[in-house]
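Numbering (our numbering), first residue to last: 1073 to 1431.
Glycine residues also receive a C-beta, built at the ideal position from the N, C-alpha and C atoms.
As the structure is a computational prediction, the values presented were derived from the model and not from experiment.
Scroll down for the structure; my scribbles are underneath it.
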Amino acid sequence: HAHHYLATMVGLRCLLLLLLFSACGVHALLSQLLSQHPGRRGGTLRASRTSSFESSDEVANVNELTTNESDSIRKRVAVLVCPAQFCVPEDYEMLFDNLSLLQKEVNVDIASSSQTVPLGRTDWIKVARQLPTRAFLQAELNVKETLDWYFQAIEDGLAQIFEAEGPDVDICLVGHSIGGWVARAYLGGMSLSSSAVHQLAIKRCTSLVTLGTPHLSPDDALVDQTRGLLRAIEETPSCSPKFLEERGISITCVCSEGIAGRLELDPEKLIAIGSYLPLTGQFQGVNGDGIVPSSLAFLDQPAERVLVDKCAETGEAVRHIHVLPTPWNLLNPKEASIKLPYPSYVTSGVVKQWARFIK
């Protein structure tokens, strides 16, 4: 019965995806839905099972993050989560619960107004407006026109935070999957917003953390699944890590290499191949979180790079997705999805490996 139930959910979601995206994006999207288990140069921070960060230069234990900071004044930060495709605010309650428990350890106070961008699943249907256009077919979609609905939802969330906390609160944007590069585009001014909220957000945003976000659109990819959106963001100087860093916004890219793409009789490995192949043009020797190859998830310096291959509490591989929408989500687009019982970027033993980059 469980297999039939999962197949039904996958089938319903596939219908939505086929409406929203062309065949160019189906491979990776199907990989995400069918999952039952959920290049930047320079030093790499790697989080191991013992919650330590290993780089070519140093090893620092997560449990010692606040050794030299315990007596300092904790900074107050409001976190705004930019969700992955078809995820809703309820799907990130676990993340906020875990961040709340880690406040002292990472030496920040997470503002009570912290929240997820207020999007429902049906909002993603707005992407379909671009399907019959020449720009879509030629992979030249305009970022503002295509993502205006997401940008507006970001501003709605920011407006609620500023209303609750006042104009002096520091902001950290946490972007999961696509939410990471949408947040980066927003901070880089690609929304073309001139609102007071946007101007204040640019002044008060101090950090951007991306979780399993495909930041790069390589030339050797079999298809351009974002139809030119990601390439446009890459080519916009104001979205570069260097430009954002100069504006006082630190960037941290987090990804797992726990799932390898291999030709094995393992559904998870086959699913990874279905995602890695169209994104990179290959799968042998490609590692990632089961959906996004790690080679695409990291920006150039001064952006930080953090690998979280395993959950610090269970030792299991870290996966890209943490929830799966249900059939009744089509009737109630804000209903929480089914939680998957596998470590992901929002799991306690994984959050503690990157939470210190909330600044």
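Legend entry - Where A1268 sits in the DSSP three-state scheme: In the structure shown, A1268 sits in a helix (DSSP, three-state: H, G or I).
Legend entry - Where D1181 sits in the DSSP three-state scheme: Looking at D1181 - three-state DSSP - the assignment turns out to be strand.
Inset, instruction - Report yes if the C-beta distance between S1328 and I1430 is below 9 Å; otherwise report no. - result: Contact: no.
Legend entry - Identity of the residues DSSP links to N1359 by a beta bridge: A1332
Inset, instruction - Can you check the stretch 1209-1279 for any beta strand (DSSP E) of at least 3 residues that lies completely inside it and give the ranges in chain order? - result: 1242-1248
Inset, instruction - Tell me whether A1384 sits in a helix, a strand or coil according to DSSP, three-state version. - result: coil
Legend entry - Beta-carbon proximity of L1230 to G1300, cut-off 9 Å: no
Inset, instruction - Say whether the stretch 1330-1347 touches the stretch 1389-1397, bearing in mind that this needs 3 or more beta-carbon pairs closer than 8 Å, one atom from each stretch. - result: yes
Inset, instruction - Using a threshold of 9 Å, state whether the C-beta atoms of V1153 and H1248 are closer than that. - result: yes
Legend entry - Within 9 Å, strictly: CB atoms of G1192 and P1397: no
Legend entry - Proximal residues to G1111 (C-beta, below 6 Å), its chain only, five neighbours per side dropped: Residue placement at G1111 is flagged as unreliable, the pLDDT there being 34, under the threshold of 50; the coordinate-derived value follows with that caveat. Excluding sequence neighbours, G1111 sits near S1367.
Legend entry - Backbone secondary structure at P1161 - three-state DSSP: Here P1161 sits in helix by DSSP.
Legend entry - Euclidean distance between Cα positions of D1291 and E1376: 24 Å
Inset, instruction - Confirm, please, whether the CB-CB distance from L1219 to V1254 is below 9 Å. - result: yes
Inset, instruction - Would you mind stating whether Q1425 and A1369 have Cβ atoms separated by less than 9 Å? - result: no
Legend entry - Residues of its chain near I1345, where Cβ-Cβ distance is below 6 Å and the 5 sequence neighbours each way are ignored: Around I1345: G1333 and F1355.
Legend entry - Residue nearest to G1421 in terms of C-alpha spacing, selected from T1386, N1179 and W1221: T1386
Inset, instruction - Report yes if the CB atom of I1226 is closer than 9 Å to the CB atom of V1151, and no otherwise. - result: Taking 9 Å as the Cβ cut-off, I1226 and V1151 do not qualify as a contacting pair.
Legend entry - Helix, strand or coil at A1156 according to DSSP, with G and I counted as helix: coil
Inset, instruction - Please go through the same chain and pick out, in chain order, the residues whose beta-carbon is closer than 7 Å to the beta-carbon of K1216, but skip the five residues on each side of it. - result: M1262, S1263 and L1264
Legend entry - Coil, strand or helix - K1411 by DSSP: strand
Inset, instruction - Keeping to the same chain, check which residues put their C-beta closer than 7 Å to that of P1309; ignore five residues upstream and five downstream. - result: F1315
Inset, instruction - Grab the span of the beta strand (DSSP E) containing S1310 for me, first residue to last. - result: First-last for S1310: undefined, no H or E at that position.
Legend entry - Euclidean distance between Cα positions of Q1210 and V1295: 11 Å
Inset, instruction - Indicate whether Q1157 and W1221 have their beta-carbon atoms separated by less than 9 Å. - result: The answer is no: Cβ separation not under 9 Å.
Legend entry - Contact check, E1237 vs A1183, beta carbons under 9 Å: yes
Legend entry - For L1288 and E1306, believed in contact at Cβ under 8 Å, the rounded distance: 7 Å
Inset, instruction - With a cut-off of 8 Å on the beta carbons, I'd call V1281 and V1241 a contact; round off their distance for me. - result: 17 Å between Cβ atoms; not a contact.
Legend entry - 7 Å CB neighbourhood of T1015 in its chain, flanking five on each side removed: One cannot answer for residue 1015 here, as it falls past the ends of the chain, which runs 1073 to 1431.
Inset, instruction - On the DSSP bridge assignment, give the partners of A1150 in chain order. - result: I1243
Inset, instruction - Can you check DSSP and say which residues form a bridge with T1282? - result: G1247 and C1325
Legend entry - Backbone CA spacing between L1412 and L1174 [nearest angstrom]: 22 Å
Inset, instruction - For V1423, I'd like the list of residues in its chain whose CB is within less than 8 Å of its CB, leaving aside the five on either flank, ordered along the chain. - result: L1167, N1170, L1171, L1174 and Y1417, listed in sequence order.
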